[in-house]
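Here the protein sequences come in this chain order: V and G. For the first sequence, this note's numbering assigns the number 1337 to the initial residue and increments by one for each residue that follows. For the second sequence, this note's numbering assigns the number 504 to the initial residue and increments by one for each residue that follows. Note that CB positions come from ideal geometry on N, CA and C, so glycine has one too. Bear in mind the structure is a predicted one, so any value in this text is a computation, not a measurement.
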Amino acid sequence: MKYKALIGIEMHCQITETNTKAFSSAKNSYTIIPNENVRPVDMAFPGTLPVVNKEAVKKSLMASMILNCKQPDYIYFERKNYYYPDLPKGFQITQETKPAPVGICGYLDYYVNDEIKRVRINNIHLEEDSASLDHKNNASTIDYNRAGVPLLELVTYPDFRSAEEAVSFLETMRCIYQYAGISEGDSKKGQIRCDVNVSIMDEDIDETKEENWGTKIEIKNVNSFSAVKDAINYEIQRQIELKETGTYDEMEQQTRRWDDEKQETVYMRSKVDAIDYKYFIEPNIPKFKIKQEWLDEIRGLIPELPNERKEKYISKYELNKKDAETLVKEKNISDFFERCIELGCEAKEASNWITTRLLGYLNKNDLNINDIYMTPEMLTEICLIVKNGKISTQQAKEVFAYVLEERKTPQEIIKEKGFEQNSNEEEIIELVNKILEENEQAVNDYKNGKTNIIGYLVGQVLKASKGKFNPGLTAKILNEEIRKR
Amino acid sequence: MKYLEKSITEIHEALLNKTVTSEQLIKESLEKSHEIQKKYNAFVTILDNAKPTEVTNELISGIPFGVKDNYSTKNVLSTGSSNTLKDYIPFFTATSIDNLFKKGAVMVNKTVLDEFGMGGTGTTGHTGIVKNPWNPLHMCAGSSAGSACAVATGVYPYATGSDTGDSIRKPAAYCGIVGYKPTYGMISRYGLFPFASSLDHCGVLTRNVEDAAIVVNTMKGKDKNDMTSWDSSGVDLTKTLKNDVTGLKLAYIKELCDIKKYKNADATLKEHLENFQRTLKICKELGMEVEEVSVDEKLLNSIASTYVVISCAEATSNMSNLTGIIFGPREEGKNYVEMIKNYRTKNFSPLIKRRFIIGSYVLQKENKDRYFFNAQRIRRLLVDEWKKIFESFDAVILPVGTGPAPLLEGSKDQIDNSTKALEEHLQVGNFGGFPSITIPNGFINNLPVGVNITGNCYEDEKVLNIAYQLESKMNYKNQIAKENN
């Protein structure tokens, strides 16, 4: 390719793990019932005032630390003024870069395939979400549940060179937000939304010099990671075509939006029409000093993050890299895995079950691990029963499937379906001898030194037992009995 | 003498002795309200079905009072004297009013103000102009015009006001009564329709200093809904009223009070400043030290413009919630932009629109540093200047305005440059959040004039103490307005 792309991301992620909204005492939780979580301040009734949710500030500062940002000495909030029906006050309470927001000048290392990359973070700030609009044929409805939900916006430098890098970063960030107990990070619930900016330049030009950068195109409202990928690739291609046809220089700095249906970016407005948001400091929220002790306390609360867990899985549990990565990708899955180990399950066993059968089941049925009947306790139980030889591995797979389908415990399934392994020696001896008698030729072969015929004979016994005999015990008895002949 | 023309403690005594009942007081107050409404147009709403309350040990129990119509009152029309809210009935009550209700106070009417408090004449409310009860050809000043008029005429012993520039203290002076705004944050602003949040104060209008202390004692208190409110539970404003003031030091500013500074001074201004000197003499007789101090005239002359810039900027943003979409009389339009535009065009008075334009202008990116940030800088300089005075003095004493109430006819809400600083200096009390009280100190042309005492933040007790002692040496305590033809 003759060109390279410079891509930056603005990632908006709702802080879902606080009890109340950013500046309101309304409940902060997702609901499909419209206007359920609303207090007067969320609808900007005259005389209402914002009150800062300290927990939201705490989580924001934690995110700032994870992103290796500098935290400010004082917290300020600002008003971003504009009219829109989803913005009841006519302004959004947010943080601008001056005075400093919860984080500036950070970076994050993330992986693309196996390669480590670093993206610089311009800033991360805490703000409030707007209401959600729904446009019907003749009217629009406004749902104020979302109005005032705490929102973290992080702004990267244009350090990504491809859609793949940008998406890998977003996936890493989502993962971090989940692990840190900041956000559920569910795009389907609209908890993550992105703006993307893209510019291209000739491959051989030095991109570290800002004056060499191409014209920056901002793409608004890209609301899923796959859309981020598509929008970036579309935009790069669009700009390359402009270069190729010699019209690139006519392109003005502009804002576009991503049209998910048409799969293209659409012109919204030119840079010269940019809205002047008339920022000023929110006078109803006094600035407050962030004490070092508080920062230390927050730093101490940062939990183990996905990369640390991955390292642990590889070095301590001896899992292969692929499985370790699969396990840490979602916090719920990783937590499930760790719980199994706590309960006494062997790490490799647990990992095998989760990465193959469990994730297979979840993906196939588009389910979340918290929505299914299987618990770490049940999976551990299945593993232990196999280990004790009560059921075979083959039976365990069936038990596993039944637990998920019939929503019953492994014990219940084993009892109901008659999965209990038979370890009654007398019964086994009897059936072994019956099979040996029926297979005279094989017994002779064995005596003539063809000892690998044993496997065939054990198979015959197990088949005759309809899979109920304990295979190990059966093999042991068969060995003993055949020698007696 | 009618009961409602007495002081709160006297009425309370009468209620306890059962020489009068709460019911009788309310009836009397309502009758008087209708009479005053006819004469001076002081009310937006008269609550004819106001109910008496139990008389307890609380001084204000069972006693009627008035509420400025920019306080949110549950189930009672609250208009801010604006057509934008002409049908707005809130579902919550402002904290400070609720505090009065809890102690048994009885609201009997809602008083007229300049639209949303944005005016100093009492002529811009949506229900028409308020006339001065001493001479209806003159104004009450504003914005707490209706409250001042009603208290002055003996409708009740007190009414709430709000003060962003001098909106309590100016009309108090023009109506011959007491107007007090305590330190910023002593009274919660939750439920007060905002004009300029960093300058807005709640306060009260009464006919004597002790009543002001009693009422604010009840209105005040830290409120979880207002982050700028502070805990004053240890402060009893009535306790120190009668303290000896001997040795306290008062400062007055030469550049404002020296008649020689005004080249075109008319007889009224001369009389006003001479009267002020007589008041200073009384202060000395009380044992206080009174000294003249000098403040840079350039700084004094920038008070008014600093106020305009900051208050208009905040107002533009604060009133962006008035779109007619959630509350207020919704206007039709092809889309939301038109709906909002039609609503605001139709319902805001020209004066307010002018202020919105100023506010928008000074916040625009290209003007912000020159106007908004410079105004913030001058605000800081002025506050520092006053704080410097407070290092050596207990309070600043200054005349209110340039004389008594101007005529309604031919009055402009515009400022004469030579007397601008004298007219507007009370705004410094809002810049610094200082406790500030106006009491009557004489008459000019049969119209009352006032004097103002302003102290350092959190020194409300001292300010009230000085005002109380000064009041007791003058003849205007508890005076009731009467027309002298």
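With DSSP run on the structure shown, which of helix, strand or coil describes G/T922? Locating residue 922 of chain G in the second sequence gives position 419, where the first residue counts as 1. Taken through DSSP and simplified to helix, strand or coil, G/T922 comes out as helix.
In chain order, what residues of the same chain lie with their CB nearer than 7 angstroms to the CB of G/T741, ignoring the 5 residues before and after it? Counting from one through the second sequence, the residue named residue 741 of chain G turns up at place 238. Short of 7 angstroms from the beta carbon of G/T741, and not among the five residues preceding or following it, lie these beta carbons of its own chain, in chain order: E713, A716, I717 and N720.
Where do the N-terminal and C-terminal ends of the alpha helix (DSSP H) with G/Q540 fall, by residue? As a working note, residue 540 of chain G is residue 37 in the second sequence. Annotation for G/Q540: the continuous alpha helix (DSSP H) segment containing it runs S525 to Y543.
Near V/C1349, which residues of its chain fall below 6 angstroms by C-beta distance, leaving aside the five closest residues on each side in sequence? By one-based count along the first sequence, residue 1349 of chain V stands at place 13. For V/C1349, the CB contacts under 6 angstroms within the same chain, skipping 5 residues up- and downstream, are L1488, Y1513, S1519 and I1528 in chain order.
Which residues mark the beginning and the end of the beta strand (DSSP E) in which G/P902 is found? The count along the second sequence starts at 1 and reaches residue 902 of chain G at position 399. Per DSSP, G/P902 is one residue of the beta strand (DSSP E) stretching across A898 to P902.
Would you report the Cα separation of G/K684 and G/T905, rounded to the nearest angstrom? In the second sequence, residue 684 of chain G corresponds to position 181, counting from 1. In the second sequence, residue 905 of chain G corresponds to position 402, counting from 1. G/K684 and G/T905: Cα-Cα distance of roughly 21 angstroms.
How is the alpha helix (DSSP H) around V/Y1738 delimited, first residue to last? Residue mapping note: residue 1738 of chain V aligns to position 402 of the first sequence, counting from 1. From DSSP, the alpha helix (DSSP H) with V/Y1738 extends over T1729 to E1742.
Touching or not, the segment 1716-1727 of chain V and the segment 1683-1691 of chain V, by the rule of three or more beta carbon pairs under 8 angstroms? Contact holds: three or more Cβ-Cβ distances are below 8 angstroms.
Are G/K745 and G/S650 closer than 7 angstroms when you measure CB to CB? Along the second sequence, one-based indexing puts residue 745 of chain G at 242. Along the second sequence, one-based indexing puts residue 650 of chain G at 147. No, the Cβ-Cβ distance between G/K745 and G/S650 is not below 7 angstroms.
On the DSSP letters alone, give me the boundaries of the alpha helix (DSSP H) that V/R1593 sits inside. Here residue 1593 of chain V refers to the residue found at position 257 of the first sequence. Counting along the chain, V/R1593 sits inside no alpha helix (DSSP H); it lies in the beta strand (DSSP E) bounded by residues Q1590 to D1595.
Taking 7 angstroms as the CB-CB limit, is G/S823 close to chain V? Against the second sequence, residue 823 of chain G aligns to sequence position 320. Chain V contact via Cβ: present.
Residues in the segment 1371-1388 of chain V with C-beta within 9 angstroms of chain G's C-beta atoms, listed in sequence order? Here the close residues are P1376, V1377, M1379, A1380, F1381, P1382, G1383, T1384, L1385, P1386, V1387 and V1388.
Please name the residues in the segment 1354-1372 of chain V whose beta-carbon is closer than 9 angstroms to at least one beta-carbon of chain G, in chain order. Along the segment 1354-1372 of chain V, the positions whose C-beta sits under 9 angstroms from a C-beta of chain G are S1361, read in chain order.
With which residues is V/R1454 paired in a DSSP beta bridge? For the purposes of this step, residue 1454 of chain V is taken as residue 118 along the first sequence, with counting starting at 1. V/D1445, per the DSSP bridge assignment.
Contact with chain V by G/M610, beta-carbon distance below 7 angstroms: In the second sequence, the residue the question calls residue 610 of chain G occupies position 107. Chain V contact via Cβ: absent.
Over what stretch of residues does the beta strand (DSSP E) that includes V/P1382 continue unbroken? Taking the first residue of the first sequence as 1, we reach residue 1382 of chain V at position 46. From DSSP, V/P1382 is part of no beta strand (DSSP E); its letter is neither H nor E.
Nearest to G/D729 by CA position, among G/K752, G/T749, G/V748 and G/H704, is which residue? The residue you call residue 729 of chain G lines up with position 226 of the second sequence. Comparing Cα positions, the closest option is G/H704.
Best match in V/L1798, V/V1532, V/G1521 and V/T1508 for proximity to V/R1497 [C-alpha to C-alpha]: In the first sequence, counting from the first residue as 1, residue 1497 of chain V sits at position 161. The residue among V/L1798, V/V1532, V/G1521 and V/T1508 with its C-alpha nearest the C-alpha of V/R1497 is V/V1532.
Just to confirm before moving on: does the CB-CB distance between V/I1750 and V/F1805 stay below 7 angstroms? Residue mapping note: residue 1750 of chain V aligns to position 414 of the first sequence, counting from 1. Residue mapping note: residue 1805 of chain V aligns to position 469 of the first sequence, counting from 1. No Cβ-Cβ contact shorter than 7 angstroms links V/I1750 with V/F1805.
Can you grab the Cα-Cα spacing for the pair G/N845 / V/N1474, in whole Å? Here residue 845 of chain G is taken as the residue at index 342 of the second sequence, counted from 1. Here residue 1474 of chain V is taken as the residue at index 138 of the first sequence, counted from 1. Between the alpha carbons of G/N845 and V/N1474 lies a gap of roughly 20 angstroms.
Might you give, ordered along the chain, the residues of its own chain that have their beta carbon closer than 8 angstroms to the beta carbon of V/I1626, omitting 5 neighbours on each side? Along the first sequence, one-based indexing puts residue 1626 of chain V at 290. Sequence-distant partners of V/I1626 (beyond 5 residues in either direction) whose C-beta falls short of 8 angstroms from its own C-beta, in its chain, are L1397, Q1407, P1408, D1409, Y1410 and I1411.
In whole angstroms, what is the alpha-carbon distance linking G/S532 and G/T614? As a working mapping, residue 532 of chain G is identified with position 29 in the second sequence. As a working mapping, residue 614 of chain G is identified with position 111 in the second sequence. Rounded to whole angstroms, the gap between the alpha carbons of G/S532 and G/T614 is 14 angstroms.
Using DSSP's beta-bridge definition, name the partner residues of V/M1710. Within the first sequence, the letter at position 374 stands for residue 1710 of chain V. V/M1710 pairs with nothing; no bridge assigned.
Do we get a CB-CB distance below 7 angstroms when we pair V/N1417 with the residues of chain G? Sequence index remark: in the first sequence, residue 1417 of chain V carries index 81 (1-based). Yes, V/N1417 lies at the interface with chain G (some Cβ there is under 7 angstroms from its Cβ).
Taking V/R1415 as part of the alpha helix (DSSP H), name the residues at either end of that continuous run. What you label residue 1415 of chain V is simply residue 79 of the first sequence in a count that begins at 1. No alpha helix (DSSP H) holds V/R1415; the beta strand (DSSP E) holding it covers E1414 to N1417.
Since V/R1819 is in the alpha helix (DSSP H), which residue starts that stretch and which ends it? In the first sequence, residue 1819 of chain V corresponds to position 483, counting from 1. Its alpha helix (DSSP H) spans residues P1807 to K1820.
With a threshold of 7 angstroms on Cβ separation, who are the neighbours of V/K1525 within its own chain once the five nearest residues in sequence on each side are excluded? Taking the first sequence and counting its residues from 1, the one referred to as residue 1525 of chain V is at position 189. Answer for V/K1525: Y1366, listed in chain order.
Chain-ordered neighbours of G/M730 on chain V, where CB pairs are closer than 8 angstroms: Within the second sequence, residue 730 of chain G is the residue found at index 227, counting from 1. Using a Cβ-Cβ cut-off of 8 angstroms, G/M730 is close to L1385, P1386, V1387, V1388, N1620, I1621 and P1622 of chain V, given in chain order.
Cβ shell of V/D1542 (< 7 angstroms), same chain only, five flanking positions each side left out: As a working mapping, residue 1542 of chain V is identified with position 206 in the first sequence. A distance below 7 angstroms between beta-carbons, with the five flanking residues on each side excluded, links V/D1542 to the following residues of its chain, in chain order: N1548.
Mind the definition here: the segment 877-884 of chain G touches the segment 579-599 of chain G only if three or more C-beta pairs lie below 8 angstroms; say whether that holds. The segment 877-884 of chain G is not in contact with the segment 579-599 of chain G.
Could you tell me whether any Cβ in chain V is nearer than 7 angstroms to the Cβ of G/K868? Taking the second sequence and counting its residues from 1, the one referred to as residue 868 of chain G is at position 365. Output row for G/K868: interface = yes.
Mapping the DSSP letters down to three states, classify V/I1429 as helix, strand or coil. As a position in the first sequence, residue 1429 of chain V is number 93, starting the count at 1. If DSSP states are grouped into helix, strand and coil, V/I1429 belongs with the strands.
Continuous alpha helix (DSSP H) assignments of at least 4 residues falling wholly in the segment 741-810 of chain G: For the alpha helix (DSSP H) assignment, the uninterrupted runs of no fewer than 4 residues enclosed by the segment 741-810 of chain G are, from N- to C-terminal side, 757-760, 770-788 and 800-804.
So, is V/C1441 buried or exposed, given that buried needs 16 or more other C-beta atoms within 10 angstroms? Numbered from its first residue, the first sequence carries residue 1441 of chain V at position 105. It is exposed - the Cβ of V/C1441 has fewer than 16 other Cβ atoms within 10 Å.
Does DSSP put V/I1555 in a helix, in a strand, or in coil? Position 219 of the first sequence, counting from 1, holds the residue named residue 1555 of chain V. If DSSP states are grouped into helix, strand and coil, V/I1555 belongs with the strands.
For G/Y687, decide whether its Cβ has a neighbour in chain V, counting only Cβ atoms nearer than 7 angstroms. Translated into positions along the second sequence, residue 687 of chain G becomes position 184. No - not a single Cβ of chain V is within 7 angstroms of the one on G/Y687.
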